[in-house]
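Student: Sharing a structure below in structure tokens format, with a few things to ask.
There are 2 protein chains.
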Amino acid sequence: MLNSPLPRDPIADAREQWVSHGWASEADAMAAITAVMRTASIYLQRADAILKPHGLTFARFEVLALLGFSKRGSLPMSRASELLQVHATSLTNSVDRLEATGLVQRIAHPTDGRTRLLELNPQGLEVLNAAREDLNKMLFAQSNLAPKDATELFEILSRFRRASGDFL
Amino acid sequence: MLNSPLPRDPIADAREQWVSHGWASEADAMAAITAVMRTASIYLQRADAILKPHGLTFARFEVLALLGFSKRGSLPMSRASELLQVHATSLTNSVDRLEATGLVQRIAHPTDGRTRLLELNPQGLEVLNAAREDLNKMLFAQSNLAPKDATELFEILSRFRRASGDFL
DNA sequence: ACAATATACTTGGACTTCCAAGGGTTTGGA
DNA sequence: TCCAAACCCTTGGAAGTCCAAGTATATTGT
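For the protein sequence lines, the chains are A and B, in the order given.
FYI, my numbering numbers position 69 of the first sequence as 74, with every residue one higher than the one before it.
FYI, my numbering numbers position 1 of the second sequence as 6, with every residue one higher than the one before it.
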């Protein structure tokens, strides 16, 4: 999966190209945004590799985790897709697979015929607990982020996400 | 594309759940990593929307931009996939599409029969210039990152990427 | 009451990513 | 020399993302 490390950071190189071509004022944002994408891809690969033995992906793990925290144990699809901040179609896809493996169930809403409620099955709860333990041990506890960096990173991205309309 | 903002930050909520379930020491990394993924997804959507009128995606834009900076104007596939830090198969996919629209060409390597060189066509150069201008104006210059945040973000992620073996 | 509008979810299509496996080409050791 | 190992790229398959469009159900306004 990992090639041998490059001798130079290709994003830092791109940043210099940006500066020397006259786009200096956009260079820092370009570099930051490109680095965010690369970082997300690294973490996603690591997470998916850790979750594979549990028969999960990160996308599906997030669904289980959300259901595991919900007070009632069930949540409308629309609410879940809102909280996970993915398109409804992406959630449909994830839930199809979670339902096919018996981890989750779609049940009818008592009063609104349009709405489907998601419910964690007992087996889903077991898989969630095991997967979360692995993720905590093997990803979050080994994030390659200094504690101060993790905090600062979250704060910067919170400002960004608020400015982008994610939350108030 | 954008739903109305949520009243609360769902990642901050997840972080609190993590703490109150006894995984306090992993909570900050979990929140930071989840925020990175969400941020990447926001930027990717914005970039793809901006590039769509140019017939590009961000993945394909990156290929053009890389070729545009290369001294010789041509680059082996393997070198390009290394610098863009994507799998060779992903690059094959992007190049297939760039070639189909006439922006790029695969040419034979003079001495190594295994290698294909990528070359930017004149039309590819035009599209690159126009796309880059839009991206600079509409994405990088409006990144929703304070200048200090962009710099700090890049630095934190550089430490992370180095620790993860991206570069020396 | 009923038509128009809005909401909830699914389907189909385009695109990306990765992995596993295969085909060709080159290199290097016996 | 020549066969095995390494390397470069492509194909096929599984997953994820989004958007656009469609179906079904609720809500709203006249």
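Glycine is no exception: its CB is placed at the ideal position from the N, C-alpha and C atoms.
Roughly how many angstroms separate the alpha carbons of residue 69 of chain B and residue 78 of chain A, rounded to a whole number?
Tutor: Those two C-alpha atoms are separated by around 48 angstroms.
Student: Going along the chain, which residues of the region 19-46 of chain B sit with their C-beta nearer than 9 angstroms to a C-beta in chain A?
Tutor: So the list reads 19, 20, 22, 23, 26, 28, 30, 31, 32, 33, 34, 35, 36, 37, 38, 39, 40, 41, 42, 43, 44, 45, 46, given in the order they occur along the chain.
Student: Taking only three categories from DSSP, how would you classify residue 159 of chain A?
Tutor: Residue 159 of chain A falls in the helix class under three-state DSSP.
Student: What runs of the beta strand (DSSP E), each 3 residues or longer, lie entirely inside the region 82-116 of chain A?
Tutor: DSSP runs (the beta strand (DSSP E)) wholly in the region 82-116 of chain A: 109-113.
Student: Can you list, in chain order, the residues of its chain whose CB lies under 8 angstroms from that of residue 106 of chain B, leaving out five sequence neighbours each side?
Tutor: 60.
Student: Am I right that residue 162 of chain A and residue 168 of chain B are in contact with their C-beta atoms under 8 angstroms? What's the rounded C-beta distance?
Tutor: Not confirmed; about 19 angstroms, so no contact.
Student: Per DSSP, residue 75 of chain A is paired with what?
Tutor: None, per the DSSP bridge assignment.
Student: Taking only the alpha-carbon atoms, compute the straight-line gap between residue 133 of chain A and residue 121 of chain B and give it to the nearest angstrom.
Tutor: Each residue's Cα considered, the two are about 45 angstroms apart.
Student: On the CB-based measure, 16 or more other CB atoms within 10 Å of its CB, does residue 135 of chain A come out buried or exposed?
Tutor: By the neighbour-count rule (16 or more Cβ atoms within 10 Å), residue 135 of chain A is not buried but exposed.
Student: What is the DSSP secondary structure of residue 125 of chain A, counted as helix, strand or coil?
Tutor: In the structure shown, residue 125 of chain A sits in a strand (DSSP, three-state: E or B).
Student: Quick check on residue 134 of chain A - is its C-beta less than 8 angstroms from some C-beta in chain B?
Tutor: No, residue 134 of chain A lies away from the interface with chain B (no Cβ there is under 8 angstroms from its Cβ).
Student: Would the beta-carbon of residue 99 of chain A fall within 8 angstroms of that of residue 64 of chain A?
Tutor: Closer than 8 angstroms, so yes.
Student: Taking its Cβ as the centre, do 16 or more other Cβ atoms sit within 10 Å of residue 27 of chain A, making it buried, or is it exposed?
Tutor: Answer is exposed; the Cβ neighbour count stays below 16.
Student: Taking the alpha-carbon positions, what's the residue 102 of chain B to residue 92 of chain B distance?
Tutor: Distance between the alpha carbons of residue 102 of chain B and residue 92 of chain B: 16 angstroms.
Student: Within its chain, find whatever has a CB closer than 8 angstroms to the CB of residue 71 of chain B; leave out the 5 residues flanking it on each side and keep chain order.
Tutor: Around residue 71 of chain B: 80, 85, 88, 89.
Student: Who are residue 80 of chain B's beta bridge partners in DSSP?
Tutor: DSSP lists B:123 as partners of residue 80 of chain B.
Student: Which chain B residues sit within Cβ distance under 7 angstroms of residue 155 of chain A?
Tutor: Chain B residues near residue 155 of chain A: 33, 34, 37.
Student: Where does residue 140 of chain B sit, in a helix, a strand or coil, going by DSSP?
Tutor: Of the three classes helix, strand and coil, the one that applies to residue 140 of chain B here is helix, per DSSP.
Student: Within 8 angstroms, do at least three Cβ pairs link the region 140-150 of chain B to the region 139-151 of chain A?
Tutor: No: the two stretches stay apart, fewer than three of their Cβ pairs being nearer than 8 angstroms.
Student: Which value, in whole angstroms, describes the spacing of the CA atoms of residue 170 of chain A and residue 49 of chain A?
Tutor: Taking the straight line joining both Cα atoms gives about 24 angstroms.
Student: So residue 169 of chain B contacts chain A; which residues on that side make the cut at Cβ distance below 7 angstroms?
Tutor: The contacting residues are 47, 149.
Student: Where do the ends of the alpha helix (DSSP H) carrying residue 18 of chain B lie?
Tutor: Start and end: 15-25.
Student: Using a beta-carbon distance cut-off of less than 7 angstroms, what residues from the region 108-129 of chain A approach chain B?
Tutor: Answer in chain order: no residues at all.
Student: Does residue 6 of chain B pass the burial test, meaning 16 or more other C-beta atoms within 10 Å, or should it be called exposed?
Tutor: Reliability of the predicted coordinates at residue 6 of chain B is poor, the pLDDT of 49 falling under 50, and no value is obtained from them.
Student: So if I threshold CB-CB distances at 7 angstroms, which residues from the region 54-73 of chain A count as touching chain B?
Tutor: Against chain B - using a Cβ distance shorter than 7 angstroms - the region 54-73 of chain A contributes no residues.
Student: Could one say the Cβ of residue 12 of chain A lies closer than 8 angstroms to chain B's Cβ atoms, at least one of them?
Tutor: Closer than 8 angstroms: yes.
Student: On the three-state DSSP scale, how would you describe residue 69 of chain B?
Tutor: In this structure, residue 69 of chain B counts as helix in the three-state DSSP scheme.
Student: Note down, in chain order, all residues in the region 92-106 of chain A with a beta-carbon under 7 angstroms from any beta-carbon belonging to chain B.
Tutor: Listed by position, the residues of the region 92-106 of chain A near chain B (Cβ gap below 7 angstroms) amount to none.
Student: Can you find a C-beta in chain B that's less than 8 angstroms from the C-beta of residue 173 of chain A?
Tutor: Chain B, which has a Cβ nearer than 8 angstroms to the Cβ of residue 173 of chain A, makes this yes.
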